[in-house]
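Going line by line, the protein sequences match chains A and B. For the first sequence, our numbering assigns the number 17 to the initial residue and increments by one for each residue that follows. For the second sequence, our numbering assigns the number 501 to the initial residue and increments by one for each residue that follows. Beta carbons: idealized from backbone N, C-alpha and C, even for Gly.
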Amino acid sequence: SQELEQSPQSLIVQEGKNLTINCTSSKTLYGLYWYKQKYGEGLIFLMMLQKGGEEKSHEKITAKLDEKKQQSSLHITASQPSHAGIYLCGADSRGGSNYKLTFGKGTLLTVNP
Amino acid sequence: NAGVTQTPKFQVLKTGQSMTLQCAQDMNHEYMSWYRQDPGMGLRLIHYSVGAGITDQGEVPNGYNVSRSTTEDFPLRLLSAAPSQTSVYFCASSYSDPTETQYFGPGTRLLVL
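Written as structure tokens, this is what we have:
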């Protein structure tokens with residue numbers, strides 16, 4: 017089964033600093049999904065990447081997919097307290113009709129004002 | 501739209517008791533799923549459904565039953581609760597499969613004593 021390793025497990029940054037979270041898959045990536053979770057709440061979809069080299073941005077968050085490395089990175093520019101939470105990557109290990117997503121264990125981000 | 505709703509928000513059970521976690525969505529989504537989230541284990545798929553009358557097992561199905569009699573509802577049943585089932589449970593839905601944007605409910609925190 018596919019495994020996703022996220023690094024770092026946790027991260028504390030000062031407001032205004034940039035940061036990067038990585039997600040590495042043990043198998044070929046057919047699709048990579050980033051979600052954010054605030055403490056005590058459900059997950060909120062951020063971005064989906066499906067093609068090698070694809071890069072997407074939303075406000076100050078940019079995600080990239082490196083198909084060869086089977087890896088995705090999530091970069092936050094000029095972090096704000098509102099960026100704090102748990103970031104999870106999910107992957108589609110498609111093999112025929114597959115209706116399952118595998119998720120990483122998450123990266124806990126703390127942004128100090 | 502209410503999105504994905506889950507009840508109850510919190511529940512305490514004694515070992516051996518049974519209960520049903522409710523999940524409903526009003527977006528006419530075909531795909532619905534149940535995850536459990538545990539510290540250090542990330543998000544793991546319990547069961548999923550690709551439409552009314554169709555369900556299948558995820559990564560950790562033991563001890564849980566599901567049914568899907570309507571498009572809107574996807575209840576999760578614990579037949580005989582065990583302390584190992586102490587967790588936070590999330591229900592999610594998407595239009596047709598999990599590679600599309602999944603909408604998550606707020607979660608149910610379950611403690612089994």
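Short of 8 Å from the beta carbon of Tyr603 of chain B, and not among the five residues preceding or following it, lie these beta carbons of its own chain, in chain order: Gly503, Val504, Gln525, Met527, His529, Ala592, Ser593 and Ser594. Two segments are said to touch when three or more pairs of C-beta atoms, one from each, lie closer than 8 Å; by this definition the stretch 120-128 of chain A does not touch the stretch 509-517 of chain B.
In this structure, Ala552 of chain B sits near Arg568 of chain B, with a CB-CB distance shorter than 7 Å. If you check the CB distance, Thr599 of chain B and Gly47 of chain A come in under 7 Å. Residue burial is scored here from C-beta neighbours: Ile102 of chain A has at least 16 other C-beta atoms within 10 angstroms and is therefore classed as buried.
By the rule that beta-carbons nearer than 7 Å mark a contact, Leu545 of chain B touches chain A. Each residue's CA atom was taken as its position, placing Leu543 of chain B and Gly32 of chain A some 30 Å apart.
Among the residues of the stretch 549-562 of chain B, those with a Cβ less than 8 Å away from any Cβ of chain A are Val550, Asp556, Gly558 and Glu559, in the order of the chain.
Non-local C-beta neighbours of Leu117 of chain A in its own chain, meaning closer than 8 Å and more than five positions away in sequence, comprise Tyr49, Gly106, Ala107 and Asp108, ordered along the chain.
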